[in-house]
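A.B. asks: For the sequence shown, full-length UniProt numbering puts the final residue at 132, and the numbers step up evenly by one.
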Amino acid sequence: VLTFSGAVFGWGRNKFGQLGLNDENDRYVPNLLKSLRTQKIVYISCGEDHTAALTKEGGVFTFGAGGYGQLGHNSTAHEINPRKVFELMGNIVAQIACGRQHTSAFVPSTGRIYSFGLGGNGQLGMGTTSNR
Numbered sequence: 001v002l003t004f005s006g007a008v009f010g011w012g013r014n015k016f017g018q019l020g021l022n023d024e025n026d027r028y029v030p031n032l033l034k035s036l037r038t039q040k041i042v043y044i045s046c047g048e049d050h051t052a053a054l055t056k057e058g059g060v061f062t063f064g065a066g067g068y069g070q071l072g073h074n075s076t077a078h079e080i081n082p083r084k085v086f087e088l089m090g091n092i093v094a095q096i097a098c099g100r101q102h103t104s105a106f107v108p109s110t111g112r113i114y115s116f117g118l119g120g121n122g123q124l125g126m127g128t129t130s131n132r
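(1) Does DSSP put residue 115 in a helix, a strand or coil?
(2) From which residue to which residue does the beta strand (DSSP E) around residue 51 run?
(3) Between residue 83 and residue 63, is the Cβ-Cβ spacing less than 8 Å?
(4) So, does the stretch 32-49 touch the stretch 91-103, judging by three or more C-beta pairs under 8 Å?
(5) Can you tell me where the beta strand (DSSP E) with residue 85 in it begins and where it stops?
(6) Compute the Euclidean distance between the alpha carbons of residue 115 and residue 124, then round it to the nearest angstrom.
(7) Would you call the CB atoms of residue 72 and residue 85 closer than 8 Å?
(8) Would you please state the rounded distance, in angstroms, between the beta carbons of residue 68 and residue 117? I believe it to be under 8 Å.
(9) Buried or exposed, going by whether 16 or more other CB atoms sit within 10 Å of the CB of residue 164?
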């Protein structure tokens, strides 16, 4: 849940750290993501087991399952804490969207959409069915 002030709360299944709470323990009540307190989050999107958060400044943080590269960190590691997507540095992202096991980010200044993760059905929009 994203509040009007930009605070992010998570609860529920947390098998891969997709709640961003520094562990993989399930939660049954809302918990504040303290690691994002210094960020003004304006939008969040969730995949099957991963989460993306967009800041007011156009930065992107991802966390949770990374097995297909869907976190955008050029690896397949899972992240239990929100981690900035440095591969998008220098771009101001305006919108994000998570699919089941992929993530997309739109940069209006260039008109580009960056997609990463599972691409087996062409969902990355790259003209292939490769993961990225």
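Yeah, the Cβ is synthetic: ideal placement off N, Cα and C, and Gly gets one too. It should be emphasised that the depicted structure is a prediction, and the values quoted were computed from it without experimental measurement.
C.D. replies: Looking at the atomic coordinates:
(1) strand
(2) 50-55
(3) yes
(4) yes
(5) Element bounds for residue 85: n/a, residue is neither H nor E.
(6) 5 Å
(7) yes
(8) 5 Å
(9) Because residue 164 is not part of the residues shown, which for the chain are 1 to 132, the question remains open.
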